[in-house]
Amino acid sequence: MKLTVEPLTPEAFTEFGDVISTETARKSFGINQGTTTRYHDISGIDTGEDGGRPIISIFRGNPRPLPIRISMMERHPLGSQAFIPMQGQRFLIVVSPASDLPKAGDLRAFITNGKQGITYDKGVWHHPLLVLEPDSEFLVIDRSGPGNNLNEVDMGDIDGVPISLDWPPAQMAKIA
(Lines of atoms letter the chains of each structure in order from A and count residues from 1; the text may use other names and numbers.)
(Lines give C-alpha, C1' and ligand atoms only; values in the text may rest on other atoms or scores of the structure.)
Protein backbone atom coordinates (compact mmCIF):
# COMPACT_ATOMS: atom_id res chain seq x y z
CA MET A 1 0.00 0.00 0.00
CA LYS A 2 1.35 3.42 -0.97
CA LEU A 3 0.24 6.60 0.76
CA THR A 4 -0.10 9.69 -1.38
CA VAL A 5 1.50 12.76 0.20
CA GLU A 6 -0.77 15.81 0.11
CA PRO A 7 0.01 19.45 0.95
CA LEU A 8 -0.72 20.29 4.58
CA THR A 9 -3.77 22.53 5.06
CA PRO A 10 -5.64 23.38 8.26
CA GLU A 11 -8.84 21.90 6.83
CA ALA A 12 -7.25 18.57 5.89
CA PHE A 13 -5.42 18.27 9.24
CA THR A 14 -8.24 19.31 11.60
CA GLU A 15 -9.07 15.71 12.61
CA PHE A 16 -5.50 15.27 13.87
CA GLY A 17 -4.65 18.63 15.45
CA ASP A 18 -3.66 22.13 14.42
CA VAL A 19 -1.48 23.64 11.72
CA ILE A 20 0.84 26.25 13.23
CA SER A 21 1.33 29.24 10.92
CA THR A 22 0.57 32.93 10.74
CA GLU A 23 -2.42 32.10 8.53
CA THR A 24 -4.05 29.98 11.27
CA ALA A 25 -3.96 32.58 14.05
CA ARG A 26 -7.39 33.28 15.52
CA LYS A 27 -6.45 36.97 15.55
CA SER A 28 -3.41 39.17 15.09
CA PHE A 29 -2.51 42.60 16.40
CA GLY A 30 0.41 44.98 16.75
CA ILE A 31 2.52 45.05 19.92
CA ASN A 32 5.84 46.55 21.07
CA GLN A 33 5.07 50.09 19.93
CA GLY A 34 3.95 48.80 16.54
CA THR A 35 7.21 47.05 15.64
CA THR A 36 5.87 43.52 16.04
CA THR A 37 2.77 41.62 14.95
CA ARG A 38 1.46 39.02 17.37
CA TYR A 39 -0.30 36.06 15.73
CA HIS A 40 -2.44 35.04 18.67
CA ASP A 41 -3.93 31.72 19.80
CA ILE A 42 -2.69 29.56 16.93
CA SER A 43 -2.82 26.26 18.80
CA GLY A 44 -3.49 24.97 22.27
CA ILE A 45 -1.26 22.67 24.31
CA ASP A 46 -2.93 19.91 26.34
CA THR A 47 -0.48 18.58 28.95
CA GLY A 48 -2.25 18.74 32.32
CA GLU A 49 -3.61 15.18 32.55
CA ASP A 50 -2.31 13.17 35.54
CA GLY A 51 -0.12 16.01 36.81
CA GLY A 52 1.72 16.67 33.55
CA ARG A 53 3.34 19.98 32.65
CA PRO A 54 4.39 21.54 29.35
CA ILE A 55 8.06 21.36 28.36
CA ILE A 56 10.04 22.75 25.43
CA SER A 57 12.72 20.64 23.74
CA ILE A 58 14.71 20.70 20.51
CA PHE A 59 14.70 17.60 18.31
CA ARG A 60 17.35 17.18 15.59
CA GLY A 61 16.31 14.70 12.89
CA ASN A 62 17.89 13.14 9.83
CA PRO A 63 16.25 11.70 6.71
CA ARG A 64 15.26 8.05 6.59
CA PRO A 65 16.32 5.88 3.64
CA LEU A 66 14.05 5.84 0.59
CA PRO A 67 11.55 4.40 0.06
CA ILE A 68 10.08 5.56 3.38
CA ARG A 69 8.32 2.61 5.00
CA ILE A 70 5.63 3.12 7.63
CA SER A 71 6.35 0.20 9.93
CA MET A 72 5.30 1.73 13.25
CA MET A 73 3.13 4.47 14.69
CA GLU A 74 3.05 6.14 18.09
CA ARG A 75 0.67 8.26 20.15
CA HIS A 76 0.76 10.31 23.33
CA PRO A 77 -2.40 9.51 25.31
CA LEU A 78 -1.79 12.06 28.09
CA GLY A 79 -0.85 15.16 26.10
CA SER A 80 -0.58 16.94 22.80
CA GLN A 81 2.74 17.40 20.98
CA ALA A 82 3.81 20.30 18.76
CA PHE A 83 6.61 20.39 16.16
CA ILE A 84 7.83 23.75 14.83
CA PRO A 85 10.65 23.72 12.24
CA MET A 86 13.49 26.05 13.27
CA GLN A 87 15.22 26.30 9.88
CA GLY A 88 12.29 26.83 7.51
CA GLN A 89 12.48 23.23 6.33
CA ARG A 90 9.65 21.12 4.98
CA PHE A 91 8.86 17.81 6.65
CA LEU A 92 6.53 14.87 6.16
CA ILE A 93 3.69 13.88 8.47
CA VAL A 94 1.87 10.53 8.65
CA VAL A 95 -1.18 10.37 10.94
CA SER A 96 -4.18 8.25 11.88
CA PRO A 97 -7.15 9.37 14.00
CA ALA A 98 -7.17 8.86 17.76
CA SER A 99 -8.47 5.34 18.41
CA ASP A 100 -7.46 2.13 20.19
CA LEU A 101 -5.18 1.17 17.28
CA PRO A 102 -4.30 2.83 13.96
CA LYS A 103 -5.62 1.22 10.79
CA ALA A 104 -3.74 1.20 7.50
CA GLY A 105 -6.84 2.42 5.65
CA ASP A 106 -7.09 5.49 7.92
CA LEU A 107 -3.52 6.73 7.40
CA ARG A 108 -2.99 10.15 5.83
CA ALA A 109 0.30 11.70 4.71
CA PHE A 110 1.09 15.41 4.44
CA ILE A 111 4.02 17.67 3.59
CA THR A 112 4.51 21.10 5.13
CA ASN A 113 5.54 24.16 3.16
CA GLY A 114 8.52 25.03 5.39
CA LYS A 115 6.62 27.77 7.23
CA GLN A 116 4.20 25.44 9.02
CA GLY A 117 4.42 23.53 12.25
CA ILE A 118 1.84 21.16 13.66
CA THR A 119 0.26 20.15 16.95
CA TYR A 120 -0.88 16.56 17.27
CA ASP A 121 -3.97 16.33 19.47
CA LYS A 122 -3.79 14.05 22.48
CA GLY A 123 -4.08 10.39 21.39
CA VAL A 124 -3.57 10.95 17.64
CA TRP A 125 -1.46 8.22 16.06
CA HIS A 126 1.55 9.54 14.13
CA HIS A 127 4.81 8.35 12.67
CA PRO A 128 7.96 9.64 14.36
CA LEU A 129 9.65 12.65 12.78
CA LEU A 130 10.12 12.37 8.99
CA VAL A 131 12.60 15.01 7.79
CA LEU A 132 13.90 15.67 4.29
CA GLU A 133 17.17 17.46 5.13
CA PRO A 134 20.08 16.43 7.39
CA ASP A 135 20.24 17.93 10.88
CA SER A 136 16.72 19.38 10.73
CA GLU A 137 15.90 21.05 14.04
CA PHE A 138 12.45 21.42 15.57
CA LEU A 139 11.16 23.21 18.62
CA VAL A 140 8.95 20.62 20.33
CA ILE A 141 6.33 21.43 22.96
CA ASP A 142 4.96 18.41 24.75
CA ARG A 143 4.22 16.86 28.14
CA SER A 144 6.47 15.77 30.96
CA GLY A 145 5.20 14.15 34.12
CA PRO A 146 3.95 10.95 35.68
CA GLY A 147 2.17 8.27 33.71
CA ASN A 148 2.88 6.51 30.43
CA ASN A 149 2.54 9.10 27.67
CA LEU A 150 3.88 6.96 24.82
CA ASN A 151 2.23 4.03 23.05
CA GLU A 152 3.98 2.45 20.06
CA VAL A 153 2.55 -0.12 17.69
CA ASP A 154 4.12 -2.19 14.91
CA MET A 155 1.92 -1.66 11.85
CA GLY A 156 2.71 -5.17 10.58
CA ASP A 157 1.05 -6.57 13.70
CA ILE A 158 -2.20 -4.70 12.95
CA ASP A 159 -3.06 -5.05 9.28
CA GLY A 160 -0.11 -7.02 7.94
CA VAL A 161 -0.02 -4.64 4.96
CA PRO A 162 3.37 -3.14 3.99
CA ILE A 163 2.94 0.64 3.84
CA SER A 164 5.23 3.15 2.16
CA LEU A 165 5.04 6.77 1.12
CA ASP A 166 4.77 7.76 -2.52
CA TRP A 167 7.80 9.98 -2.05
CA PRO A 168 9.34 11.75 -3.76
CA PRO A 169 6.34 12.15 -6.02
CA ALA A 170 6.66 12.87 -9.72
CA GLN A 171 4.66 16.04 -9.13
CA MET A 172 7.05 17.23 -6.39
CA ALA A 173 7.70 20.50 -8.23
CA LYS A 174 3.98 21.32 -7.95
CA ILE A 175 4.12 20.96 -4.14
CA ALA A 176 7.30 23.00 -3.66
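First residue of the sequence shown: 30, per the numbering used here; consecutive thereafter.
For each residue, glycine too, the CB sits at the ideal point set by N, CA and C.
Cα-Cα separation between residue i and residue j, rounded to whole angstroms
i      : j      : result
Trp196 : Leu161 : 10 Å
Thr38  : Val124 : 14 Å
Ala202 : Gly174 : Because Ala202 sits at a pLDDT of 44, beneath the cut-off of 50, its placement in the model cannot be relied upon, and the point is left open.
Ile170 : Lys31  : 30 Å
Gln110 : Thr141 : 16 Å
Leu159 : Arg137 : 14 Å
Ser57  : Ile113 : 19 Å
Gly108 : Lys132 : 21 Å
Pro163 : Thr65  : 32 Å
Pro106 : Thr33  : 27 Å
Ser165 : Gly59  : 31 Å
Residue range of the alpha helix (DSSP H) that includes residue i
i     : result
Phe42 : Pro39 to Phe42
Which of helix, strand or coil DSSP assigns to residue i
i      : result
Gly152 : coil
Gly108 : coil
Gly134 : helix
Glu103 : strand
Gly143 : coil
Boundaries of the beta strand (DSSP E) in which residue i is found, first to last residue
i      : result
Glu206 : Outside the displayed range of the chain (30 to 205) lies residue 206, so it cannot be described from this structure.
Asn178 : Per DSSP, Asn178 belongs to no beta strand (DSSP E) and is neither H nor E.
Gln62  : Segment: none, Gln62 is in no beta strand (DSSP E) and carries neither H nor E.
Ser86  : Arg82 to Gly90
Phe45  : First-last for Phe45: undefined, no H or E at that position.
Glu35  : Val34 to Pro36
Ile122 : Phe120 to Ser125
Arg137 : Arg137 to Ile140
Closer than 7 Å: residue i CB and nearest the ligand PLP heavy atom
i     : result
Thr38 : As far as ligands go, the structure on display features none, and thus does not contain the ligand PLP.
Supposed contact pair residue j and residue i - C-beta distance, whole angstroms, cut 8 Å
i      : j      : result
Ile87  : Leu194 : Actually they do not touch by this definition, with Cβ atoms about 25 Å apart.
Pro157 : Glu103 : 6 Å
Phe139 : Glu35  : 6 Å
Arg55  : Asp70  : 4 Å
Met101 : Asp183 : 5 Å
So, do the region 74-90 and the region 126-146 have three or more beta carbon pairs nearer to each other than 8 Å? At 8 Å Cβ cutoff, the stretches do not touch.
Are three or more beta carbon pairs between the region 72-79 and the region 118-137 nearer than 8 Å? no
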